[in-house]
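For reference, the structure discussed in these notes is given below.
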Amino acid sequence: MERELLLECQRNDRKAQRKVYEKMAGRLYSVCKRYLKNDEDIEEVLADTFYKIFTKIGQLQNPDTFEAWAKRIAVNECLQKLRTDKALFISLEENQIGFSEGLSEHISFEKDILSLLNFLPEGCRAIFNLFAIEGYPHKEIASMLSISEGTSKSQLNFARKKLQELLVNQNI
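Per the UniProt record's numbering, the sequence shown starts with residue 1, numbered consecutively.
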């Protein structure tokens, strides 16, 4: 992101904010989609994310880290949405989850692998994203979600097993 554009955003320049929004909206939408299923929830979280970005941009010390900082805000907003919706309280009973429903017969590995995450319960999906995609350790995930490290590990294991089953069942 251009330093001058970010400085203009710090001065509440609406045109600069619009440019930043246009450059970042697609990427941040993709981040939110990894955590949330419902498009309305994603749009709500995305709006909250940009509100927070533009109201807190004065706290950004290094413009070179803007994209990572914005992504972190989006992840935190997604987690907050999951916590307030109590989506993290899930059952690990396999028979309660219809994993094969809605899957196409042929899944393009590169394009659609992340779509398989939509077949996981939201809590498992959030933990899988935080650990496998975002790179957070279990201790930090546990702190972020107010769960134990053991719960984080077991949910990750459950997510991995279910994803493996989906891949095997789809011959990927």
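Cβ atoms here follow ideal geometry from the backbone N, Cα and C, with glycine treated the same way. None of these values were measured; they are calculated from a predicted model.
- The criterion of a C-beta distance shorter than 8 Å is not satisfied by Ile147 and Arg34.
- At the C-beta level, Glu77 and Asp48 come within 8 Å of one another.
- Within the region 130-168, the complete alpha helix (DSSP H) segments at least 4 residues long are 138-145, listed from N- to C-terminus.
- Contact between the region 35-46 and the region 71-85 is present: 3 or more CB-CB pairs across the two stretches fall below 8 Å.
- Burial state of Glu2 is exposed, judged by a 10 Å Cβ sphere holding fewer than 16 other Cβ atoms.
- Segment contact: the region 21-28 against the region 57-65, fewer than three CB-CB distances shorter than 8 Å; contact not assigned.
- The distance from the Cβ of Ile127 to that of Leu156 is about 5 Å, consistent with a contact at the 8 Å cut-off.
- Phe54 and Asp39 have their C-alpha atoms roughly 22 Å apart.
- Sequence-distant Cβ neighbours of Trp69 in its own chain, meaning closer than 7 Å and more than five residues away, are Leu60.
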